[in-house]
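Visitor:
In full-length UniProt numbering, the protein residues as written are 1 to 150.
Okay, structure coming up:
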């Protein structure tokens with residue numbers, strides 16, 4: 001608070017009580033002025049804070065919209081890429097299965113041919129041994145018949 005000095009002429013005219021009353025009046029006026037100024041500044045500050053808050057809310061809403069849009073775009077791009085990759089993998093898997101099916105079919109055909117050849121060879125061996133056995137049986141029967149008939 002500033003110190004007020006009352007000029008001598010004014011002090012003589014007003015007297016000590018008048019000077020003190022004048023100083024009290026001036027102090028009270030300064031106090032009221034200061035309170036009014038603080039009130040005005042407070043209102044301005046509140047208005048400014050409110051305006052800035054609204055502006056920030058608008059900016060945040062716009063930023064949120066942009067982010068939502070960008071996120072939606074990126075998700076769509078990723079979805080497309082995933083779909084393409086799935087299609088590629090499905091194609092590769094189909095090719096691999098077809099290749100394995102061909103190889104398996106060829107291997108089964110080859111094994112079937114080998115088995116058929118081995119079965120034919122075994123059958124020929126079996127028929128040959130059966131023939132030898134029959135010839136041996138017939139020879140033994142003929143020899144026994146000759147032995148009994150003589």
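C-beta: ideal position from N, C-alpha, C; glycine also. Computed from a predicted structure; not experimentally measured.
Nearest-angstrom Cα distance between residue 143 and residue 118?
Guide: 37 Å
Visitor: Starting from residue 113, trace the alpha helix (DSSP H) in both directions and tell me its first and last residue.
Guide: 8 to 149
Visitor: How many Å lie between residue 83 and residue 104 at the Cα?
Guide: 31 Å
Visitor: Would you say residue 14 and residue 22 are within 8 Å of each other, going by their C-beta atoms?
Guide: yes
Visitor: What is the rounded straight-line gap between the Cα of residue 54 and the Cα of residue 90?
Guide: 53 Å
Visitor: How many angstroms separate the CA atom of residue 17 from the CA atom of residue 43?
Guide: Rounded to the nearest whole angstrom, the CA to CA distance from residue 17 to residue 43 is 38 Å.
Visitor: Are the CB atoms of residue 9 and residue 19 nearer to each other than 8 Å?
Guide: For residue 9 and residue 19, no; Cβs fall outside 8 Å.
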